[in-house]
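Asker: Structure below; questions to follow.
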Amino acid sequence: MSSDTRQSSGRRATRGNSPGSASKPKHLAEPSARKPRPKKVVNELLENDLIRRVSYDQYRGKVQEVYAGPKGAILSKCSQLSGHVALGERMFRRRQFDLRGCREILDVGSGAGQILGHLLKYADAEAHITGIDISRPMLQRARRRLKSNRPDLVAADLANLPFADASFDCVTCGYVLEHMPEASTGLSELARVMRPGGRMLLFTTEDSFGGAWTSRIWCCRTYNRRELLETCRAQNLHVLQELWFTPIHKLLRAGGICVELEKRTATVDAPLDAPD
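Printed below as a string of structure tokens:
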């Protein structure tokens, strides 16, 4: 506070104030709105906001259009060029996410079959694998790419999964939750079809600069890490571990949010150990 301000805080009203009124001490003034960080402003301007501007039915139609077209056709190649296929495969190979003992496995947002390929390779031979995607053309591409009839492929929407409660002991969900208007919409359905003690490997797009570009390209939203983990906990999905593709990804906060979750029968009240 400047000396002029300190001296004037107890004076009577100066010219321009109403007669007889006193100057309001600075410490009693209305707090100014906290300015958003420039980085956050840039990310929000860059992020695709279609999901917030139209109805979910309209948005879902747009997503189906995107993945039925040229972008969907090159999705598998993009994943390979970015290294996500190889890096994701390493998580399963090193058993950072352990598939041993899982009998009913659901892959949500199967796309071109990137995660399904890892499931076929590392899940037990007797495990039953189901993959779903909102886009039928993507499921057809996945079937051709995998060259396997083992996984059941179903056209379905994460917002309304066509499965009974407690159907699966393992779920993988790769970069599809960002196509939900709110995380709770998808997480509640995932929790519903999971058995108590079941585990989930969740990948989704983070509200970083790289995530904003992903949002712009693939017509999706992004999530704040801490807020997402709080929403998981509210759905009785306890965070077992946060995963990163490589130490460099962790250092640069790149690659999005990747967590292993476990379904509990009651909400866990332990504090979250996640960065803002």
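Quick note on our numbering: the sequence shown kicks off at 193 and runs consecutively.
Note that CB positions come from ideal geometry on N, CA and C, so glycine has one too.
Name the residue from L369, F437 and L443 whose alpha carbon lies nearest to the alpha carbon of N416.
Answerer: Position 224 of the sequence shown, counted from the first residue, corresponds to residue 416. With distances taken between Cα atoms, N416 lies closest to L369.
Asker: When you compare only the Cα positions, how much space is there between F284 and N240?
Answerer: Within the sequence shown, residue 284 is the residue found at index 92, counting from 1. Within the sequence shown, residue 240 is the residue found at index 48, counting from 1. C-alpha separation (whole angstroms): 31 Å.
Asker: Three or more C-beta pairs closer than 8 Å, one from the stretch 424 to 431 and one from the stretch 250 to 269: is that the case here?
Answerer: No: the two stretches stay apart, fewer than three of their Cβ pairs being nearer than 8 Å.
Asker: So L453 and R413 are supposed to be a Cβ contact under 8 Å. How far apart are they, rounded?
Answerer: For the purposes of this step, residue 453 is taken as residue 261 along the sequence shown, with counting starting at 1. For the purposes of this step, residue 413 is taken as residue 221 along the sequence shown, with counting starting at 1. Incorrect: roughly 20 Å between the Cβ atoms, too far for contact.
Asker: Decide yes or no for the touch test of the stretch 324 to 344 against the stretch 303 to 313: beta carbon pairs closer than 8 Å, at least 3 of them.
Answerer: With a cut-off of 8 Å, the stretch 303 to 313 and the stretch 324 to 344 count as touching, because enough Cβ pairs lie within range.
Asker: For I321 versus A348, is the C-beta distance shorter than 8 Å?
Answerer: The count along the sequence shown starts at 1 and reaches residue 321 at position 129. The count along the sequence shown starts at 1 and reaches residue 348 at position 156. Cβ atoms of I321 and A348: not closer than 8 Å.
Asker: Taking DSSP as the reference, what is the three-state secondary structure of R285?
Answerer: For this step, residue 285 is matched to residue 93 along the sequence shown. Three-state result, R285: helix.
Asker: I243 to Q288, Cα distance in whole Å?
Answerer: Position 51 of the sequence shown, counted from the first residue, corresponds to residue 243. Position 96 of the sequence shown, counted from the first residue, corresponds to residue 288. Each residue's Cα considered, the two are about 33 Å apart.
Asker: Under 8 Å: do the stretch 378 to 388 and the stretch 399 to 407 share three or more Cβ pairs, one atom per stretch?
Answerer: The stretch 378 to 388, when compared against the stretch 399 to 407, does not touch it at the 8 Å Cβ threshold.
Asker: Helix, strand or coil: how does DSSP classify M372 here?
Answerer: Taking the first residue of the sequence shown as 1, we reach residue 372 at position 180. Coil, per DSSP.
Asker: Find out if the Cβ-Cβ distance for the pair L312, R333 is shorter than 8 Å.
Answerer: Against the sequence shown, residue 312 aligns to sequence position 120. Against the sequence shown, residue 333 aligns to sequence position 141. No, these two residues do not count as a Cβ contact at 8 Å.
Asker: Can you give, in chain order, each stretch of the beta strand (DSSP E) that sits fully within the stretch 371 to 454 and has at least 3 residues?
Answerer: Whole beta strand (DSSP E) segments, 3+ residues: 386 to 396 and 429 to 434.
Asker: Name, in chain order, the residues that DSSP records as bridge partners for C362.
Answerer: Stepping through the sequence shown from its first residue, residue 362 is reached at position 170. Beta-bridge pairing links C362 to I297 and R391.
Asker: In or out: R425 buried (at least 16 other Cβ within 10 Å) or exposed?
Answerer: Walking along the sequence shown from the start, residue 425 turns up at place 233. Under this definition R425 is a buried residue.
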